[in-house]
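Protein chains in written order, with UniProt numbering: chain A, 1 to 247; chain B, 1 to 247; chain C, 1 to 247.
Below is one structure, written out as C-alpha cells, with a few remarks after it.
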Amino acid sequence: MFKAIVSASTLQDALDSVSVLVDECKIHLNEEELAIRAVDPANVGMVDLSLEAAAFESYEADGGVIGVNLARLQDIAGMANSGDLIHLELDEETRKLHIEIDGLSYTLALIDPDSIRQEPDIPELDLPAEIVLEGAQIDRGITAADMVSDHIRLRIDEAAEAFSIEAEGDTDDVDLNLERDDLIDLTAGPADSLFSLDYLKDMNKAIPKDAEVIVELGEEFPVKLHYSFAEGMGNVTFMLAPRIQSE
Amino acid sequence: MFKAIVSASTLQDALDSVSVLVDECKIHLNEEELAIRAVDPANVGMVDLSLEAAAFESYEADGGVIGVNLARLQDIAGMANSGDLIHLELDEETRKLHIEIDGLSYTLALIDPDSIRQEPDIPELDLPAEIVLEGAQIDRGITAADMVSDHIRLRIDEAAEAFSIEAEGDTDDVDLNLERDDLIDLTAGPADSLFSLDYLKDMNKAIPKDAEVIVELGEEFPVKLHYSFAEGMGNVTFMLAPRIQSE
Amino acid sequence: MFKAIVSASTLQDALDSVSVLVDECKIHLNEEELAIRAVDPANVGMVDLSLEAAAFESYEADGGVIGVNLARLQDIAGMANSGDLIHLELDEETRKLHIEIDGLSYTLALIDPDSIRQEPDIPELDLPAEIVLEGAQIDRGITAADMVSDHIRLRIDEAAEAFSIEAEGDTDDVDLNLERDDLIDLTAGPADSLFSLDYLKDMNKAIPKDAEVIVELGEEFPVKLHYSFAEGMGNVTFMLAPRIQSE
Chain A
1 MFKAIVSAST
11 LQDALDSVSV
21 LVDECKIHLN
31 EEELAIRAVD
41 PANVGMVDLS
51 LEAAAFESYE
61 ADGGVIGVNL
71 ARLQDIAGMA
81 NSGDLIHLEL
91 DEETRKLHIE
101 IDGLSYTLAL
111 IDPDSIRQEP
121 DIPELDLPAE
131 IVLEGAQIDR
141 GITAADMVSD
151 HIRLRIDEAA
161 EAFSIEAEGD
171 TDDVDLNLER
181 DDLIDLTAGP
191 ADSLFSLDYL
201 KDMNKAIPKD
211 AEVIVELGEE
221 FPVKLHYSFA
231 EGMGNVTFML
241 APRIQSE
Chain B
1 MFKAIVSAST
11 LQDALDSVSV
21 LVDECKIHLN
31 EEELAIRAVD
41 PANVGMVDLS
51 LEAAAFESYE
61 ADGGVIGVNL
71 ARLQDIAGMA
81 NSGDLIHLEL
91 DEETRKLHIE
101 IDGLSYTLAL
111 IDPDSIRQEP
121 DIPELDLPAE
131 IVLEGAQIDR
141 GITAADMVSD
151 HIRLRIDEAA
161 EAFSIEAEGD
171 TDDVDLNLER
181 DDLIDLTAGP
191 ADSLFSLDYL
201 KDMNKAIPKD
211 AEVIVELGEE
221 FPVKLHYSFA
231 EGMGNVTFML
241 APRIQSE
Chain C
1 MFKAIVSAST
11 LQDALDSVSV
21 LVDECKIHLN
31 EEELAIRAVD
41 PANVGMVDLS
51 LEAAAFESYE
61 ADGGVIGVNL
71 ARLQDIAGMA
81 NSGDLIHLEL
91 DEETRKLHIE
101 IDGLSYTLAL
111 IDPDSIRQEP
121 DIPELDLPAE
131 IVLEGAQIDR
141 GITAADMVSD
151 HIRLRIDEAA
161 EAFSIEAEGD
171 TDDVDLNLER
181 DDLIDLTAGP
191 ADSLFSLDYL
201 KDMNKAIPKD
211 AEVIVELGEE
221 FPVKLHYSFA
231 EGMGNVTFML
241 APRIQSE
C-alpha cells in the first residue's frame, strides 16, 4: 500500500541524486519515509537517500518495496511544471505505479525488485576531518580538476587549516585552496585521499549549487558527502571509494 | 505579378505550418490571398494555409503560382529581426523571387511548380465531435504520449463530456483527460481514432502554444486541426489520416 | 619576468581574437604591452593584437616571449566569473605560467616558442577605401552570404557611395548594401575583392557585435579589419588575403 502527493521539485531532487549512479533502483516505501540505497555497477560509488513523510503533501505507506526505472520516472516528473503536485499510487494487483499530474495520468510498469542489483551496506566510518562548504565550491573544484586530470585529490592542510581540491595532469596542475574563512565550517584532521573524477562529476551533478555540503574525509579512506533538500526533510549521503595513490 | 510587404513574424508563422510536412510547395499568389496546400510524401498528413491580403502591409498579386524551397525561404525570413518588414517581389522574367530585409537583398531561385508533388484535395468531412483547446494542451498530451508509444488515440467520452489524449505502450500507458471545464469548448459526439504520433508531433511544432485550436474528430476518421495566426488573417488546417485500430 | 593582474573579460577578448586563427601562439611580454602576432597554417589570415599595460590592473614585464596553448588558456580564463581578476605570473625556472583566480591556482606548462609557427610580417598597405561600421553589420552580411556561397565579395560603389557585402551562389544571390547613412564613416575609393567566407566567419566570431570596425579595402588586395576592446587599450588587426576572382 502506497499513496502519496509530493511537489514536483522535491521528487525531481530525490530522483536526481540516485540516477547519477544507477539506472534502476529499489524504493523502500516505509511508514515514516521513502528510502533508496544504491551502488554503481563497479561498486565504487554509493548513495543513501531518505525523504521523510513530512516532505510530502500527503504520504501513506506500509513498508513495501518497488523497483523502478529511474530515467522513466524522471521523464514523467519532468512533465510537471515547477509548482505542480505529483500524485503517486501503487496498484498492488497489477504492480504498476499510477502517477497523476494535473489531469495527466501515467501508468508505470514496475521492475521486479529481485532483478535489481543488491543494495549496499554503507559502512559507518569515523573519519577524522569534516569540511562544510557550498555545492558551488565543490563544483568549481571539480570543473577545474577536470581540465587537467581524471582523478582528484581531496586534502586537509592541518597547519594552515585549509581544504584543498587538487589535480595533477601530465603537464598542468590545479589547486583550489579553501581556508577556514572560505568554508562554512572545518574540523581539521589528517586527511588526504585520491578519487576518480568521473564519479565525483556525477555526484556533483546532483548536488544543488546552493546546498550546504558536509564532506567527511580521511587518509586513503572513502569520502562521504552529505546534503539535504526539501527544506531539510530529504537527506542524501554519497560515499566514494578512494583510488590508490601511486608515488 | 507579385509584390508584397509582410512582417517577419507573419511570414515565419505561415512557412512553419507548411514546412513541418513538406520540403517544397507551390504558393498560390491569388488576388485576395496567398494560399498553400500540401500533402506529405506518404499521403497521410495535409495542410491548407491561407493568408489574407489584409495580413500584409501591402499586397499585389494576380493569380500566379510559384514553387519554393521552404527551408531556404525560412532561413531568409530568419535573418529578419522580429519587428522587421520583409519585401517580396517576383521577377517574372528570371523566375526569381527578390526578397529584401532592411538593406539585405536575397535573390531566390524558384522551383518549377510542375516538378512539385500535386496538391491534395482536402475533403469536406462532417465530423461528429469538436473540441476547442489551447495549443499548449495539445503539446502536453503529445509530449506525454511520446514517452510510451509511437501512436496516439484521440477520444471523446460522451457520458463524461471529456476529451482524452491516450497512448498505450508495451509496458506503460498515458492518458491526458480534459473535461469540459478544462477546454475552451466541446461539442461531444461519437469519436475515437488512432493516429501516428510522428505526424502529430510535426504539426504540433507549428501550432503556437497560445493558439486556440479547433479539433474535429470522428470514429476511425481523419482528424482536422484548425488555428489562426496573424490576428485571425492567417488560417491553417491540418488533416491527418487515422491508423487502423488493431484489437 | 612577468607578473600581471587583468580582468577576466579583457583577457578573454584578447585570447578570442587570436584563437579563431591558430591553436598555439607566442606572446610577447613587452615592457609597455602584451603583443601577439599569428598567421593561420595556410598563410591566408593574420592577426595582430596588442594590449597596453594600462589595460591591466597591474603589469610588470621585461620583454620575454612565451608559447601557449590558446584553448587551454581560454578554458582557464573561462573559470572566472565576469567580475573576477586573473593573476598571471611566469616562473622563469620551470617555464610554467601560474594563474590564480579567487583561490583557484592553475599551473600551465608553456610551449617552447621555437616550436611555434613563425610570426608573420603584417604588410603596410595603402588601401584606397575605408569603411567604418558596427560589428553587427559585418555579422549580418557574413551570415547572409553563408546561406548561398563559400566566398564573399566586399565592394565599394564609388558613384553611390555605398559598401556592398555580396555572395553569389549556384542559384541564389545575396547582397547587403550599406549606404553612407548606414555606416559610421566611409572613404570611398576603387575597391572590389573576393574572400574565403570560412576565414571571415572565424574572424567575425571574435569581433564584438557592438565594436566599431574599420575595414580597409582595395582591388584584389587583402582586407584589413581593425577594432579595439578593453576601453581602447586593446587593439586587434585582422588581415585576410583575397581569392582570385574568376570571371
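Virtual Cβ for every residue (Gly too), placed ideally from N, Cα, C.
Gly-45 of chain B counts as buried, since at least 16 other C-beta atoms from the protein chains shown sit within 10 angstroms of its C-beta. Of the other Cβ atoms in all chains shown, fewer than 16 fall within 10 Å of the Cβ of Asn-43 of chain B; this residue is therefore exposed. Under a 10 Å Cβ-count criterion, Ser-82 of chain C is classified as exposed, with fewer than 16 other Cβ atoms of the shown protein chains found around its own Cβ.
Sequence-distant partners of Ala-211 of chain B (beyond 5 residues in either direction) whose C-beta falls short of 8 Å from its own C-beta, in its chain, are Glu-134, Gly-135, Tyr-227, Ser-228, Phe-229. Only exposed fits Thr-94 of chain A, as fewer than 16 other CB atoms lie within 10 angstroms of its CB. DSSP, reduced to helix, strand and coil, places Val-18 of chain B within a helical segment of the structure shown. Under a criterion of Cβ atoms nearer than 7 Å, the residues of chain B adjacent to Thr-107 of chain A are, in order, Asp-172, Asp-173. Taking C-beta atoms under 8 Å as the contact rule, Glu-57 of chain B and Leu-85 of chain B qualify, at a distance of about 6 Å. Under the 10 Å beta carbon count, Lys-26 of chain C is surrounded by 16 or more other beta carbons and is classified as buried. Neighbours of Asp-150 of chain A across chain C, judged by C-beta separation under 7 Å, do not exist; the nearest C-beta is about 16 Å away. Given a length threshold of 3 residues, each whole run of the beta strand (DSSP E) inside the segment 42-104 of chain B is given here in chain order: 45-52, 58-61, 64-69, 85-91, 96-101. At a cut-off of 8 Å, the C-beta of Arg-140 of chain A has a neighbouring C-beta in chain C. At a beta-carbon threshold of 7 Å, none of the residues of chain B lie near Asn-204 of chain C; the nearest stands roughly 15 Å away. Within a 10 Å sphere around the beta-carbon of Pro-190 of chain A sit fewer than 16 other beta-carbons, which makes this residue exposed. With contacts defined as CB atoms closer than 8 Å, Ala-206 of chain A and Val-68 of chain A fail to qualify as a contacting pair. Here the segment 181-197 of chain A lies against the segment 146-157 of chain A, with 3 or more beta-carbon pairs under 8 Å apart.
Minimum Cα-Cα distance from Asp-181 of chain A among the listed residues A:Ile-111, A:Ile-131, A:Asp-172 corresponds to A:Ile-131. Against Leu-178 of chain B, the close residues of chain A are Gly-103, in the order they occur along the chain (beta-carbon pairs closer than 9 Å). Taking the Cα positions, Ile-244 of chain C is about 45 Å away from Asp-202 of chain B. In this structure, the CA atom of Phe-2 of chain A is about 10 Å from the CA atom of Leu-34 of chain A. For Asp-75 of chain C, the nearest beta carbon of chain A is closer than 8 Å to its own beta carbon. In this structure, the alpha-carbon of Asn-204 of chain C lies about 10 Å from that of Thr-143 of chain C. Taken through DSSP and simplified to helix, strand or coil, Met-1 of chain B comes out as coil.
Contact between Ile-152 of chain A and Leu-200 of chain A holds: CB atoms are separated by about 6 Å, below the 8 Å threshold. For Leu-176 of chain B, the enclosing beta strand (DSSP E) has its first and last residue at 173-179.
At a cut-off of 8 Å between C-beta atoms, Asp-182 of chain A counts as an interface residue with respect to chain C. Pairing Glu-216 of chain C with Leu-186 of chain C gives a Cβ-Cβ distance that is not under 8 Å.
Under the three-state reduction of DSSP output, Asp-192 of chain B falls in the strand class. Under the Cβ criterion of 8 Å, Met-147 of chain B is counted among the residues facing chain A.
Here Pro-41 of chain C is exposed. Its C-beta has fewer than 16 other C-beta atoms within 10 Å. The alpha-carbon separation between Pro-123 of chain A and Ala-61 of chain A amounts to approximately 27 Å.
For Thr-143 of chain C, the C-beta contacts it makes with chain B under 9 Å involve Met-79, in order along the chain.
Gln-118 of chain A and Asp-23 of chain A have their C-alpha atoms spaced approximately 13 Å apart. Its Cα nearest to that of Val-148 of chain B, the residue B:Asp-198 stands out among B:Ile-184, B:Leu-108, B:Asp-198. Taking 8 Å as the cut-off, the Cβ atoms of Leu-49 of chain C and Ile-66 of chain C do not count as close. Annotation: the segment 123-163 of chain B contains the following complete segments of the alpha helix (DSSP H) (minimum length 4 residues), in chain order: 135-145.
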